[in-house]
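Under this note's numbering, the first residue of the sequence shown is numbered 8, with each subsequent residue one higher.
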Amino acid sequence: MNPSSRLSAPVSRRDALRAFGASAVTLAASMLALRAAAADDKPAASETPKEKEKPAGPAAPPPPSGPFTLPELGFAYDALEPAIDTATMQIHHKRHHQAYIINANIALKDHPKLHAWSAEQMLRDIKKVPGTISTAVRNNVGGHANHTLFWDILTPGGPKEPSGALKSAIDRDLSNFGSMVVKLGEACMTRFGSGWAWLCVYNKKLSIYSTANQDSPLMDGATPILGIDVWEHAYYLKYQNKRAEYVKAVTGLINWDKVAERYKQALG
Ligand code: MN
8 MNPSSRLSAP VSRRDALRAF GASAVTLAAS MLALRAAAAD DKPAASETPK
58 EKEKPAGPAA PPPPSGPFTL PELGFAYDAL EPAIDTATMQ IHHKRHHQAY
108 IINANIALKD HPKLHAWSAE QMLRDIKKVP GTISTAVRNN VGGHANHTLF
158 WDILTPGGPK EPSGALKSAI DRDLSNFGSM VVKLGEACMT RFGSGWAWLC
208 VYNKKLSIYS TANQDSPLMD GATPILGIDV WEHAYYLKYQ NKRAEYVKAV
258 TGLINWDKVA ERYKQALG
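In structure tokens form, the structure reads like this:
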């Protein structure tokens with residue numbers, strides 16, 4: 008082996024990682040890239056001098072393009088300023104949410120029958136998902152479904168309080184709107200580490216709920232109609248460790264019309 012081919016190994020690994028974007032890189036995607044880079048570094052036994060002169064190919068095969076794709080936001084990245092800053096929205100949507108989708112699609116690559124299922128169905132029926140991929144589905148399809156709901160129930164405008172059937176149900180099941188907001192805030196604040204706080208429909212009634220990581224209330228038979236992401240990636244750039252300030256700000260962005268729609272759908 009000549010010195011130049013020896014030197015090329017770390018460079019091609021580094022390039023493979025850079026191609027995925029250093030901070031957005033996901034474990035599965037980087038493993039694919041590293042594997043491809045490592046393969047590039049080792050001359051095949053049958054390699055001819057002519058093949059050695061070929062320019063380096065792409066670092067890794069592209070990740071599967073489905074079954075899930077990144078949904079577009081219903082608002083601009085800067086629309087939720089100042090409560091949620093533009094950089095946080097961009098990173099959260101284009102990197103974090105996208106990474107869950109890439110990893111979900113990788114997990115589902117060899118399970119075409121599941122491609123017809125919705126994300127919600129996979130979570131509701133997580134016990135029917137093959138054991139070899141159930142953790143990856145729980146984390147990544149969960150991450151996809153949770154973020155899709157989160158983006159949907161945020162808005163820069165909209166009514167500041169629920170009305171109609173949703174308001175009546177909140178009064179019936181959670182005392183009143185103010186009390187519901189307090190309970191939702193407590194669920195956000197008492198979630199240790201990463202997770203979510205939810206307003207759910209369970210047995211036709213509303214309840215406040217919290218899950219760790221990217222677990223979904225769907226896994227427990229409850230239907231989330233409102234979710235607040237309390238992972239640090241949701242707020243750390245602007246709020247650092249002040250989760251309570253973020254929770255207060257994001258609660259003011261809730262699109263109660265969308266939550267009411269989801270409440271109606273959840274009742275069936
Ligand atoms: Mn998130």
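Glycine included, each C-beta is placed from N, C-alpha and C at the ideal position.
Residue(s) in a DSSP beta bridge with residue i
| i | result |
| --- | --- |
| Lys212 | Tyr209 |
| Pro289 | With the chain represented from 8 up to 275, any question about residue 289 goes unanswered, as that position is not in the structure. |
| Ile261 | Leu161 |
| Gly171 | The partner list for Gly171 (beta bridge, DSSP) is empty, contrary to what the question assumes. |
| Asp236 | Trp203 |
| Ala90 | Ala90 pairs with nothing; no bridge assigned. |
Residue from the options whose Cα sits closest to the Cα of residue i
| i | options | result |
| --- | --- | --- |
| Lys271 | Leu173, Pro224 and Thr197 | Leu173 |
| Val208 | Glu79, Gly234, Ser201 and Ala66 | Gly234 |
| Gln221 | Asp236, Met187, Ile232 and Thr230 | Asp236 |
| Gln105 | Leu80, Thr93 and Thr230 | Leu80 |
| Pro78 | Pro119, Arg102, Leu115 and Thr139 | Arg102 |
| Lys255 | Val189, Trp203, Glu268 and Ala267 | Val189 |
| Ala90 | Ser223, Val266, Lys120 and Leu244 | Leu244 |
| Gly200 | Leu213, Trp238 and Ser186 | Trp238 |
| Lys265 | Ile232, His118 and Ala204 | Ile232 |
| Ser175 | Leu213, Gly202 and Ala204 | Leu213 |
| Thr258 | Ser223, Trp205 and Thr230 | Trp205 |
Distance cut-off 8 angstroms: residue i Cβ against heavy atoms of ligand 1
| i | result |
| --- | --- |
| His99 | yes |
| Ala219 | no |
| Leu205 | It should be pointed out that residue 205 corresponds to Trp in this sequence rather than to Leu. Checking every heavy atom of ligand 1 against the Cβ of Trp205, none is found closer than 8 angstroms. |
| Trp5 | The chain is shown only over 8 to 275; residue 5 falls outside these bounds and no answer can be derived. |
| Trp263 | no |
| Ala67 | no |
| Asp236 | yes |
| Ala241 | yes |
| His104 | yes |
| Gly150 | yes |
| His284 | Past the edges of the chain, shown from 8 to 275, lies residue 284, and the structure says nothing about it. |
Other residues of its chain near residue i: CB distance less than 6 angstroms, five sequence neighbours each side excluded
| i | result |
| --- | --- |
| Ala126 | Val148, His151 and Ala152 |
| Tyr242 | Tyr253 |
| Ser30 | With a pLDDT of only 40 at Ser30, under the threshold of 50, the placement of this residue in the model should not be trusted; the figure read from the coordinates follows. Counting only Cβ-Cβ distances below 6 angstroms, and skipping sequence neighbours, we find nothing. |
| Gln97 | Tyr84 |
| Tyr107 | Asn147, Gly150 and His151 |
| Asp180 | Lys212 and Leu213 |
Same chain, Cβ closer than 8 angstroms to residue i, neighbours up to 5 away in sequence not counted
| i | result |
| --- | --- |
| Asn183 | Ile177 |
| Trp263 | Gly165, Pro166, Lys167, Glu168, Pro169, Ser170 and Leu173 |
| Trp131 | Before going further, note that residue 131 is Arg rather than Trp in the sequence given. Hits under 8 angstroms: Leu225, Met226 and Gly228. |
| Lys211 | Leu274 |
| Leu87 | Met96, Leu161, Pro163 and Leu260 |
| Ile140 | Ala114, Leu115 and His118 |
Residues near residue i by beta carbon distance below 7 angstroms, same chain, minus five either side
| i | result |
| --- | --- |
| His99 | His240 and Ala241 |
| Lys134 | none |
| Pro137 | His118 |
Closer than 9 angstroms to chain B by CB, residue i
| i | result |
| --- | --- |
| Ala126 | Going by chain labels, chain B is absent from the structure shown, which holds only one protein chain. |
Residue i Cβ short of 8 angstroms to ligand 2 heavy atom set
| i | result |
| --- | --- |
| Leu156 | Absence of ligand 2 is noted for the structure shown, with ligand 1 being the only ligands found. |
Is there contact between the region 243-253 and the region 150-160, where contact requires at least three CB pairs shorter than 8 angstroms? Contact between the region 243-253 and the region 150-160 is absent, because fewer than three Cβ pairs lie under 8 angstroms.
Would you be able to state if there are at least three C-beta pairs under 8 angstroms between the region 138-146 and the region 159-168? Here the region 159-168 does not lie against the region 138-146, with fewer than 3 beta-carbon pairs under 8 angstroms apart.
Meets three-Cβ-pair contact criterion under 8 angstroms: the region 216-223 and the region 189-203: The region 216-223 vs the region 189-203: in contact.
Examine the Cβ distances between the region 103-118 and the region 72-79 and report whether three or more of them are shorter than 8 angstroms. Touching, yes, given that three or more Cβ pairs across the two stretches are closer than 8 angstroms.
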